[in-house]
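Beneath this line is the structure, given in C-alpha cells, with notes to follow.
This is the structure:
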C-alpha cells in the first residue's frame, strides 16, 4: 500500500523550484501532488508522480539531488472531525507522523486524501488497515487522478 | 584506508647529515649565496644598507644579519630584475600563479634545474616512489612550477610519468585506470574531485590502481588527508614549495608523516612572528622565511613567504635530520579578521570535516552589510547525505554551525547548497570571497 514519493533538495533562491518542474515537464511527467517544506536557507520539495523511476533519472541527470521515500495515502472522511478520528487511530497504534500534506484530488465528495510520512511505513500500513483506516494504493491513486 | 605498507628509503646522504656537519655546510653555502647575490643591484643595495660584510657570514645563524626579500621586490623588479647570472645562463623561466596580483617570474640555470629535480626526487622517494611505478601528474604544465617540477623529479627516480595536466576529470580517471597509475600528483582539492568523479563513474576506492599520492600547492588539513585516503584508497603525502624559493621540493613528508622535512642543505628556514619579525619558539606558528643556499640564477635572501607554520626540531624516526615544518596553517595575508577575530579558512574546513555528512567543498563569503562583519559559509550537501526529513537537514546545518563556532570562536551563517554548485579548480581552490575589500589588500 506504500506510495513512492520523490524528495528534492532545493536551495532557497529564485529559480530553484522552477528547474525541477521544467525538467519533469520536458520529460512529459505529470506531477500528481506536491508539498514544499522550507526553511530560510533551503527547501525540500516532495512530489508524487506516476513514473517515479524515470522522474528520478531525469532529475538527477539535471543535477538535482533526489531521495525516494515511502509514504501512505489515507482516505479521511470529508466532514468536521474526520481527520481527528483518523489521527486517533494513528495514536492508538503508537505511530508518529514525520509530516503530512493533502493530496490534491478529492475523492467523490466523501473523502479527502492525505499523504502521511511515518517512520516505519510497512508496520504502520498493517496496523492502520487492521483498525479499518482506509489506505489508497498507488494504482487507485493514479486512477483517481486520471493518470 | 591505504592498502600498502611503506618502506623508508632515503635517496641522498645529505638528508641524514648530523647537525654540526649540516651547519658547516650551510655556513659555507650561505657566504657563497650572499657573494652571488651582490651581482643583483637590489640585493647589493639592501646588503649595503644592512651593513653586511662577507666576513660576517660564518654560520647559518648569521642569516639573521641579512635583509628581507618580499614578493613586492620581485614585482618591482619585473620581469627578471633579480637575476644574478648573465641571461645566456638561464635555461628555464617559470612564473608564480599571479593569484594575488601581477605575476612574477623566476629563472633557473642548468644547475638550478638539476638541484630542483634532485629535491623533488627526494620527497617522492620518501613517499614510496620506485622506478617501476607510473605517476599521473594532474598539475597544470606551464609557467606554474608544479607540473614540470614534479615531472623531472619523477624521471630522475626512473618512474614513468603521465603528464596529464589539468581538466577533463572523467578522462583523467580513465587514464589512471587504463595505464595503472600507482601515484597521483595534484592539489589536495583536485584529488578529492578525482575521488568524486571516480565514484560518479561507479568506481569504488579499491577499483583505482593508485597507491600513493603527493599533494601540495595549497594549504590542507589532516582531516582532508583522511578524506582523500578513504576516497582514493591511497596513502597521501604532503609537500611544500613555492616558485620564489625554487618550486615544489623545499620540504616534503617522510613515511612518519609527522611534518615535512625542510631540505636544509639547500635552504635555511626561519619561523618568525609576522609582526615583530623575531623568531618564534619551536612548535609555535609563525611566518616561514627562506634563504636559498645553492640557487644560481635567482638566489633569495630571507624571502618572506607569508605562509604560517610551526617548526619541529625533535629527532624523526625516519633518520632524516632536516627540521620538520607543520602543514601550512594559513597565510599571514589570507587571514580573515571577522568581527575582530582571526580566522583561517583551514579552520572552517577542519570544522566541516568533523561533521559527518558534509563534503569539504565550501566557500566563505564575508561582507559588512551594516556596521558588523557577516560571514556566510556555503557548504555542499552530498546526494547520499540528503534526507527527506526537514529536522535531519536542519540538524546537519546546526551541527556544522556548532562546529564552526567551536573551532573559530565566531558564529557564521551556514547555508547548505546543492552538490557541484561551488567552483572546482585544478589549481588553488577559491575558499574565500571577501566583499569588504576593494582592490588588492
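Residue numbers (UniProt numbering), protein chains in the order written: chain A, 1 to 147; chain B, 1 to 441.
Ideal placement from N, C-alpha and C gives every residue a C-beta, glycine not left out.
Remember, predicted model here, so these are calculated numbers, not experimental data.
By how many angstroms is the C-alpha of residue j removed from the C-alpha of residue i?
i, j, result
"residue 441 of chain B", "residue 435 of chain B", "The pLDDT assigned to residue 441 of chain B is 34, lower than 50, so where the model puts this residue is not dependable; a value taken from the coordinates is nonetheless given after this. Straight-line Cα distance between these residues: approximately 12 Å."
"residue 126 of chain A", "residue 73 of chain A", "13 Å"
"residue 209 of chain B", "residue 178 of chain B", "9 Å"
"residue 2 of chain A", "residue 252 of chain B", "57 Å"
"residue 18 of chain A", "residue 47 of chain A", "14 Å"
"residue 88 of chain B", "residue 143 of chain B", "19 Å"
"residue 8 of chain B", "residue 18 of chain B", "18 Å"
"residue 14 of chain A", "residue 42 of chain A", "11 Å"
"residue 23 of chain A", "residue 32 of chain A", "15 Å"
"residue 340 of chain B", "residue 283 of chain B", "25 Å"
"residue 439 of chain B", "residue 267 of chain B", "Per-residue confidence for residue 439 of chain B stands at a pLDDT of 35, beneath the threshold of 50, marking its modelled position as unreliable; the derived number appears in the next sentence. Taking the straight line joining both Cα atoms gives about 34 Å."
"residue 59 of chain B", "residue 153 of chain B", "30 Å"
"residue 169 of chain B", "residue 376 of chain B", "29 Å"
"residue 59 of chain A", "residue 431 of chain B", "29 Å"
"residue 318 of chain B", "residue 127 of chain B", "12 Å"
"residue 36 of chain A", "residue 393 of chain B", "14 Å"
"residue 322 of chain B", "residue 281 of chain B", "17 Å"
"residue 62 of chain A", "residue 11 of chain A", "15 Å"
"residue 25 of chain A", "residue 422 of chain B", "27 Å"
"residue 484 of chain B", "residue 38 of chain B", "Summary: the structure shown does not reach residue 484 of chain B, with chain B confined to residues 1 through 441, and so no result is reported for it."
"residue 69 of chain A", "residue 387 of chain B", "9 Å"
"residue 131 of chain A", "residue 83 of chain A", "15 Å"
"residue 139 of chain A", "residue 98 of chain A", "24 Å"
"residue 418 of chain B", "residue 44 of chain A", "12 Å"
"residue 313 of chain B", "residue 119 of chain B", "20 Å"
"residue 16 of chain A", "residue 56 of chain A", "17 Å"
"residue 139 of chain B", "residue 146 of chain B", "6 Å"
Ends of the alpha helix (DSSP H) at residue i?
i, result
"residue 231 of chain B", "222–232"
"residue 45 of chain B", "41–49"
"residue 126 of chain A", "121–130"
"residue 145 of chain B", "145–157"
"residue 434 of chain B", "Not the alpha helix (DSSP H): residue 434 of chain B falls in the beta strand (DSSP E), residues 432–434."
"residue 173 of chain B", "169–178"
"residue 393 of chain B", "390–408"
"residue 86 of chain A", "82–92"
"residue 144 of chain A", "138–144"
How about residue i: is its C-beta nearer than 9 Å to some C-beta of chain B?
i, result
"residue 117 of chain A", "yes"
"residue 185 of chain A", "Nothing can be reported for residue 185 of chain A: it is not among the residues displayed for chain A, which extend from 1 to 147."
"residue 37 of chain A", "yes"
"residue 53 of chain A", "no"
"residue 44 of chain A", "yes"
"residue 41 of chain A", "yes"
"residue 66 of chain A", "yes"
"residue 33 of chain A", "no"
"residue 59 of chain A", "no"
"residue 22 of chain A", "no"
"residue 148 of chain A", "Since the displayed chain A opens at 1 and closes at 147, residue 148 of chain A lies outside it and no answer follows."
"residue 10 of chain A", "yes"
Between residue i and residue j, which are expected to be in contact by the criterion C-beta below 8 Å, what is the C-beta distance as a whole number of angstroms?
i, j, result
"residue 65 of chain A", "residue 188 of chain B", "Between residue 188 of chain B and residue 65 of chain A the Cβ distance is about 25 Å, and since that is not below 8 Å, they are no contact."
"residue 305 of chain B", "residue 242 of chain B", "6 Å"
"residue 362 of chain B", "residue 352 of chain B", "6 Å"
"residue 269 of chain B", "residue 311 of chain B", "7 Å"
"residue 379 of chain B", "residue 400 of chain B", "6 Å"
"residue 112 of chain A", "residue 118 of chain A", "With 8 Å as the limit, residue 112 of chain A and residue 118 of chain A do not qualify as a contact, their Cβ atoms being about 18 Å apart."
"residue 231 of chain B", "residue 205 of chain B", "6 Å"
"residue 213 of chain B", "residue 198 of chain B", "At roughly 13 Å, the Cβ-Cβ gap does not stay under 8 Å, so residue 213 of chain B and residue 198 of chain B are not in contact."
"residue 175 of chain B", "residue 194 of chain B", "That pair is no contact at about 11 Å."
Is the Cβ of residue i closer than 9 Å to any Cβ of chain A?
i, result
"residue 1 of chain B", "Below a pLDDT of 50, predicted positions are generally treated as unreliable, and residue 1 of chain B, at 43, falls in that range; the measurement from the model is reported next regardless. Not one chain A Cβ lies under 9 Å of residue 1 of chain B."
"residue 169 of chain B", "no"
"residue 420 of chain B", "yes"
"residue 414 of chain B", "yes"
"residue 386 of chain B", "yes"
"residue 365 of chain B", "no"
"residue 383 of chain B", "yes"
"residue 394 of chain B", "yes"
Name the two residues that bound the continuous beta strand (DSSP E) containing residue i.
i, result
"residue 190 of chain B", "That residue, residue 190 of chain B, is in no beta strand (DSSP E); its alpha helix (DSSP H) goes 188–200."
"residue 139 of chain B", "Looking at the DSSP string, residue 139 of chain B is not in any beta strand (DSSP E), and its letter there is neither H nor E."
"residue 71 of chain B", "Here residue 71 of chain B belongs to no beta strand (DSSP E); instead the alpha helix (DSSP H) covers 71–76."
"residue 237 of chain B", "235–242"
"residue 33 of chain B", "Where residue 33 of chain B is concerned, there is no enclosing beta strand (DSSP E), although the alpha helix (DSSP H) it sits in stretches over 19–37."
"residue 363 of chain B", "362–367"
"residue 99 of chain A", "97–102"
"residue 374 of chain B", "374–380"
"residue 413 of chain B", "413–417"
Jot down the residue ranges of each uninterrupted beta strand (DSSP E) in the UniProt domain "ACT" (5–79) of chain A, minimum 3 residues, whole runs only, in chain order. The UniProt domain "ACT" (5–79) of chain A contains these whole beta strand (DSSP E) runs: 31–38, 42–49, 66–77.
Please specify which runs of the alpha helix (DSSP H), each continuous and at least 4 residues long, are wholly inside the region 289–354 of chain B, giving them in chain order. Within the region 289–354 of chain B, the complete alpha helix (DSSP H) segments of 4 residues or longer fall at 345–354, listed in chain order.
At 3 residues or longer, and completely inside the region 82–138 of chain B: list those beta strand (DSSP E) runs for me, N to C. Entirely contained in the region 82–138 of chain B, the beta strand (DSSP E) runs reaching 3 residues are, in chain order, 90–95, 105–109, 134–137.
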